[in-house]
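Read left to right, the sequence shown gives residues 144 to 360 (the numbering used here). Structure record follows, encoded as C-alpha cells.
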Amino acid sequence: MVTSFSFPTKIIFGPGAIAQLGAALTELGGIRPLVVTDKGIVDSGIIKQVSVPLKKNGVEFSLFDNVTSNPVEENVWAGVAHFQEERCDSIIALGGGSPIDVAKAIGLMATHQPPMAQYDDKFDGWKLVRPIMPPLIAIPTTSGTGSEVGRSTVITLKATQRKTVIFSPHLMPRVALCDPELTLKLPPHITAATGMDALTHCVEAYLARGYHPMCDG
Numbered sequence: 144m145v146t147s148f149s150f151p152t153k154i155i156f157g158p159g160a161i162a163q164l165g166a167a168l169t170e171l172g173g174i175r176p177l178v179v180t181d182k183g184i185v186d187s188g189i190i191k192q193v194s195v196p197l198k199k200n201g202v203e204f205s206l207f208d209n210v211t212s213n214p215v216e217e218n219v220w221a222g223v224a225h226f227q228e229e230r231c232d233s234i235i236a237l238g239g240g241s242p243i244d245v246a247k248a249i250g251l252m253a254t255h256q257p258p259m260a261q262y263d264d265k266f267d268g269w270k271l272v273r274p275i276m277p278p279l280i281a282i283p284t285t286s287g288t289g290s291e292v293g294r295s296t297v298i299t300l301k302a303t304q305r306k307t308v309i310f311s312p313h314l315m316p317r318v319a320l321c322d323p324e325l326t327l328k329l330p331p332h333i334t335a336a337t338g339m340d341a342l343t344h345c346v347e348a349y350l351a352r353g354y355h356p357m358c359d360g
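In C-alpha cells, the structure reads:
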C-alpha cells in the first residue's frame, strides 16, 4: 500500500520553550501579532508568560480573547475585525483546540472572500484556499487535540448551526511551540479531559482498520 504524509510544522518542544516565542515570530517576519485565546487562559495568568518573551524582542501584540468552547462563526468574524483594525501581520494561537481553530479561521477569512461555508471540505473547499494567510504560531496549553500541527479548523456556522470542517495544508501553523510548563496552571478537570482525549486518539489509531505507518509506528 502506498501512503504519504507530511509534517512541515516546525516544533519547538521542552520546558521553558515559551522563551523562544519572540525569536520564532521574528524569524517569520511578524512584528504586530494578534494573540488569539480565551478568557480562561487570560484569567489563569498564562497570557503573562507569552507577553514576556514578546516584549523582550520589542514586539507589541494585540489580544483577542473572544473564543468560546466549540467555537462559532461569530468568534471568527470578531477576530477578523480585530486583526484588521489593529493592523496585525501575524497570529499567535494560545490555548486548546478552540483558540487554535479560531486562529486558523481568522487567518483564512482575513485573506479570503466570504462566505466561510464555501471552504467546507464537503464542497472540496480546500481548492479555494491559497497560501496567502498571515504566519501562524500555535502554543497549545492542553493535550489531545493535536490542532497545533493539524491542517483543519472546525467552526459552527451561524446560518446552518452545523459544524463546517475546512481542510488545507495552508492552515497549518508555521511553528508549534510546545512548553509542558504551560499546562501546570490548567484546572484539574481540563487536564483530565484532555488527557483522556489524547488516550482516545491513541486507542483509535491502534484499533482502526486503515493502515498508516505514522499512526502504527
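Every residue gets a Cβ at the ideal spot worked out from N, C-alpha and C, and that includes glycine.
Rounded to whole angstroms, how far is the Cβ of residue i from the Cβ of residue j, which I believe are closer than 8 Å?
i      : j      : result
Ser85  : Gly240 : Summary: the structure shown does not reach residue 85, with the chain confined to residues 144 through 360, and so no result is reported for it.
Ser233 : Pro274 : About 15 Å separates the two Cβ atoms, so there is no contact after all.
Ile333 : Thr285 : 6 Å
Val245 : Val210 : 5 Å
Ile154 : Cys321 : 6 Å
Phe226 : Trp269 : At roughly 22 Å, the Cβ-Cβ gap does not stay under 8 Å, so Phe226 and Trp269 are not in contact.
Pro176 : Phe150 : No, Pro176 and Phe150 are not in contact; Cβ-Cβ is about 23 Å, not under 8 Å.
Asp264 : Val308 : 5 Å
Met252 : Val219 : 6 Å
Gly159 : Glu324 : 7 Å
So, with DSSP's three-state summary, where would you put residue i?
i      : result
Leu237 : strand
Pro196 : helix
Thr326 : helix
Ile190 : helix
Ser286 : coil
Ile249 : helix
Leu314 : helix
Ile298 : strand
Starting from residue i, trace the beta strand (DSSP E) both ways and give me its first and last residue.
i      : result
Phe310 : 306-310
Leu206 : 205-207
Leu177 : 176-179
Ala281 : 279-283
Can the beta-carbon of residue i be found closer than 8 Å to that of residue j?
i      : j      : result
Val178 : Val193 : yes
Lys191 : Gly165 : no
Thr288 : Asp340 : yes
Val318 : Thr152 : yes
Lys247 : Leu327 : no
Ile280 : Ala167 : yes
Arg294 : Pro312 : yes
Thr180 : Pro242 : yes
Along the chain, where does the alpha helix (DSSP H) that runs through residue i open and close?
i      : result
Ile155 : Per DSSP, Ile155 belongs to no alpha helix (DSSP H); it is in the beta strand (DSSP E), 153-156.
Thr334 : 331-350
Ala221 : 216-228
Val185 : 182-187
Thr169 : 164-170
Hey, does residue i have any beta-carbon neighbour from chain C nearer than 8 Å?
i      : result
Val292 : Of the chains in the structure shown, none is chain C; there is only one protein chain.
Does the region 298-313 come within contact of the region 199-218, defined as at least 3 CB pairs closer than 8 Å?
yes
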